[in-house]
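Trainee:
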Amino acid sequence: MALSKNDVEKIAHLARLQINDADASEVGQRISNILEMIDQMQNVDTSEVSPMAHPFDAVQRLRPDLVTEKNQRDYYQKIAPATQDGLYLVPRVIE
Amino acid sequence: MLSKTVAELATALSQKEISARELTQAYLDRIGRLNPALNAYVTITADKALAQADLADARISRGEAGPLTGIPIAHKDIFCTRDVLTACGSHMLHNFIAPYDACVVERLEQAGAIMLGKTNMDEFAMGSSNETSWFGPVRNPWDPERVPGGSSGGSAAAVAADLCAMATGTDTGGSIRQPASFCGITGLKPTYGRVSRWGMIAFASSLDQAGPLTKSAEDAALMMNAIAGTDVRDSTCLDLPAEDFTAQLNQPLTGVRIGLPREHFTKDLNPSVQSILQNAVRKLESLGATFKEISLPNNYLSVPAYYVIAPAEASSNLSRFDGVRYGHRCANPANLEDLYKRSRGEGFGDEVKRRIMVGTYALSAGYYDAYYIKAQKIRRLIKDDFDQAFKDVDLILGPTSPHTAFKLGEKVSDPVTMYLEDIYTIAVNLAGLPGMSLPAGILDGLPIGMQLVGPALSESRLLNVAHQFQLNTDWHAKRPAAPVVSSPEVSA
């Protein structure tokens, strides 16, 4: 299926990606080509097949609820773009 | 000296023919000469390497050396390395100094391996040619006009050009095996969960697996001994007793049953590649293996299913790159949404953005069943094919890639053509199986690999067959004939 410019804008918004207006139609065309290749799947009858999420159908392993890590906040925040008093700074959200 | 295998270097080190410091310096010198043309390394950690080399020499003189002590290694830049830039081929992480070591890095350091630097790769491991890297493409040491394969192209080129003794890689859809084939080296993708993914930047978490890129199957076994094994920090890492992957290397191949998938040996496969594979089959037959035709009828669906599952998982995994805690942040964001959208729009390259968008689309309301659930059902059909085949055979032999290394720029403009490069490798990831590529021949001056695939946890058997093949052939010992640069080589 071919994606419209609107479709591209909607997906880009869901993915929080800025796509330049000038690029939108080329991006849409390329993604449409990929979806066309993917659509080969639709010719296969899978009504009796159960979906497989993990190679060994494993379940999540649990561990005791104990503190195992030491607090290294300052070290981890050394590489942050902007911090203050141990907090990450972002543009104001609530006026 | 620099072209020696890990096993040979370990002997040279223990017999004091060379010290770890001398060996490390020799590799660093060669990197200094050849890397500007190859672009295999994006970061060279010379000081750290020499410090580790001194520790290794002390360990060797105390008689406490293991098989990897003093062996120089290159790490794919997808593995976090404490206090060293870890950029994952992306502008998004151009300033990311990792605050911790990946499990794989940690274990290799404990084994005494010496980190020479970090290798170039396709951005976030998304690519089959290394051309999506923000750091520019890697050149194939066999022909600088050609790609080394991807996404572990820097690691493969570094091993092939003797810029390290061994390297780490990761394989989500063929990213260890295809570059190994294109560069004429040995690469192993272990069973899903064999090796901890902790500290390995995630692409598609149900498919990603780390593994060795080496000059021989024996070296791959030695590396597996260091990196495999349970790790509580990766909840998908298999909890199994330690295994010695070198233990079965010398078993005779008498009675080993190998399957040849009828779907891989068709008129679509280059006849020269077919005849190289047939020569390998005859060699293995002469060593006692038996062959029979098998069928993997749903293999043709592996690329479509993969290009739903991998982008879906990637769209979720890469949501962490938001310009808030680390990595690229856009200048002067107007508000929080602008911060997210511009940081991500500027930080990610075109291929990564495409895959995030395909994944976002496949997971969005109204399309989830038609794409994501459908792909998961196809995934089971593909795994069932392998289960059926392994009732009759011990492992499967086929091509790693449809052809030898292609030219830079030849396929990068058409994503779907590039995706089909991985037609023989992707099904192995979807089924979670171990697979390896080893050199099987030379075609028009370029190496080409063959792929061995086994049931889950059969790495020792794969390594056994590969090692026996390498004891009786010399394809794995071939090195690029043409020098990459004109500067004269100084022997180490």
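The listed protein sequences derive, respectively, from chains R and P.
The first sequence begins at 9 in this note's numbering and counts up one residue at a time.
The second sequence begins at 216 in this note's numbering and counts up one residue at a time.
Where is the CB? At the ideal position from N, CA and C, for every residue including glycine.
Exposed or buried, which one is Gly624/P when buried takes at least 16 other CB atoms within 10 Å?
Mentor: By the Cβ-count criterion, Gly624/P is exposed, with fewer than 16 other Cβ atoms from all chains shown falling within 10 Å of its own Cβ.
Trainee: Flag Asn41/R as yes if its beta-carbon sits less than 8 Å from any beta-carbon of chain P, otherwise no.
Mentor: yes
Trainee: As a quick exercise: from Leu551/P, Asn687/P and Val447/P, pick the residue whose alpha carbon is nearest that of Ile102/R.
Mentor: Leu551/P
Trainee: Any Cβ of chain P within less than 8 Å of the Cβ of Leu22/R?
Mentor: It does; some Cβ of chain P falls within 8 Å.
Trainee: Mapping DSSP to helix, strand and coil, what is Asn335/P?
Mentor: coil
Trainee: DSSP three-state call for Thr505/P: helix, strand or coil?
Mentor: Strand at Thr505/P.
Trainee: Quick check on Arg297/P - is its C-beta less than 8 Å from some C-beta in chain R?
Mentor: no
Trainee: Of all the residues that make up the region 55-80 of chain R, which are near chain P by a beta-carbon distance shorter than 8 Å?
Mentor: Val57, Ser58, Pro59, Met60, Ala61, His62, Pro63, Phe64, Ala66, Gln68, Arg69, Arg71 and Gln80
Trainee: List the endpoints of the continuous beta strand (DSSP E) containing Met216/P.
Mentor: Counting along the chain, Met216/P falls outside any beta strand (DSSP E), and DSSP gives it neither H nor E.
Trainee: Counting along the chain, where does the beta strand (DSSP E) carrying Lys291/P start and finish?
Mentor: Pro287 to Lys291
Trainee: So, do the region 464-484 of chain P and the region 667-680 of chain P have three or more beta carbon pairs nearer to each other than 8 Å?
Mentor: yes
Trainee: Let me check one thing: in DSSP terms, what residues is Gly613/P bridge-paired to?
Mentor: Beta-bridge pairing links Gly613/P to Gln666/P.
Trainee: Name the DSSP beta bridge partners of Thr429/P, please?
Mentor: Paired residue(s): Thr401/P.
Trainee: Is Arg277/P helix, strand or coil when you go by DSSP?
Mentor: coil
Trainee: With a cut-off of 8 Å, does the C-beta of Gly342/P fall near any C-beta of chain R?
Mentor: Proximity of Gly342/P to chain R, defined by a Cβ-Cβ separation below 8 Å, is not satisfied.
Trainee: Does the region 225-241 of chain P come close enough to the region 366-377 of chain P that 3 or more CB-CB pairs lie under 8 Å?
Mentor: no
Trainee: Nearest-angstrom Cα distance between Arg569/P and Ile588/P?
Mentor: 20 Å
Trainee: In chain order, what residues of the same chain lie with their CB nearer than 6 Å to the CB of Thr461/P, ignoring the 5 residues before and after it?
Mentor: In chain order, Ala436 place their CB closer than 6 Å to the CB of Thr461/P, counting only its own chain and leaving out the 5 sequence neighbours on each side.
Trainee: So which residues on chain R does Lys568/P lean against when the C-beta distance must stay under 9 Å?
Mentor: Ala20, Ala23, Leu25, Ile27 and Val35
Trainee: Taking 8 Å as the cut-off, decide whether the C-beta atoms of Ala382/P and Ala289/P are in contact.
Mentor: yes
Trainee: Sorted by chain position, which residues of the same chain lie with C-beta nearer than 6 Å to Ser701/P's C-beta, five sequence neighbours on each side aside?
Mentor: Residue confidence for Ser701/P is low, a pLDDT of 43 falling below 50, so the modelled location carries little weight and cannot support an answer.
Trainee: If you measure beta-carbon to beta-carbon, which residues of the region 583-595 of chain P are closer than 8 Å to chain R?
Mentor: Ala585, Tyr586, Ile588, Lys589, Ala590, Gln591, Lys592, Ile593, Arg594 and Arg595
Trainee: Leaving out five residues on either side along the sequence, give the residues of the same chain with a beta carbon under 7 Å from the beta carbon of Ala407/P.
Mentor: Reading the sequence as shown, one finds Tyr at residue 407/P and not Ala. The residues are Gln424 and Gly647.
Trainee: Which of the three DSSP states is assigned to Ser411/P in this structure?
Mentor: In this structure, DSSP gives Ser411/P a state outside helix and strand, which the three-state scheme calls coil.
Trainee: Need the endpoints of the beta strand (DSSP E) that Thr385/P sits in, please.
Mentor: Met381 to Thr385 is the extent of the beta strand (DSSP E) around Thr385/P.
Trainee: Please confirm whether any heavy atom of the ligand ATP lies closer than 7 Å to the CB of Cys295/P.
Mentor: The ligand ATP is not part of this structure, which contains no ligands at all.
Trainee: Cβ closer than 8 Å: which chain R residues qualify as neighbours of Tyr541/P?
Mentor: Correct list: Ile87, Ala88 and Pro89.
Trainee: Could you work out which residue in Leu249/P, Leu217/P and Ala527/P is closest to Ile19/R when comparing CA atoms only?
Mentor: Ala527/P
Trainee: Classify Val75/R: buried if its beta carbon has 16 or more other beta carbons within 10 angstroms, exposed otherwise.
Mentor: With fewer than 16 other Cβ atoms within 10 Å, it is exposed.
Trainee: Given a threshold of 16 other Cβ atoms within 10 Å of its Cβ, counted over all protein chains shown, does Arg262/P qualify as buried or as exposed?
Mentor: Contrary to the premise, residue 262/P reads as Asp rather than Arg in this sequence. The residue in question, Asp262/P, is exposed, as its Cβ has fewer than 16 Cβ neighbours within 10 Å.
Trainee: Are Asp292/P and Met336/P close, meaning C-beta to C-beta below 8 Å?
Mentor: Yes; because the gap between Cβ atoms is below 8 Å, this pair is in contact.
Trainee: Under the three-state reduction of DSSP, which class applies to Thr296/P: helix, strand or coil?
Mentor: strand
Trainee: What is the rounded straight-line gap between the Cα of Arg557/P and the Cα of Ala340/P?
Mentor: 22 Å
Trainee: For Phe311/P, go through chain R and note every residue whose CB falls closer than 7 Å to its CB, in chain order.
Mentor: Result: Ile87.
Trainee: Look at the Cβ atom of Ala419/P, then the Cβ atom of Ala520/P, and state whether they are nearer than 8 Å.
Mentor: no
Trainee: Who pairs with Met330/P in a beta bridge, going by DSSP?
Mentor: Ile288/P
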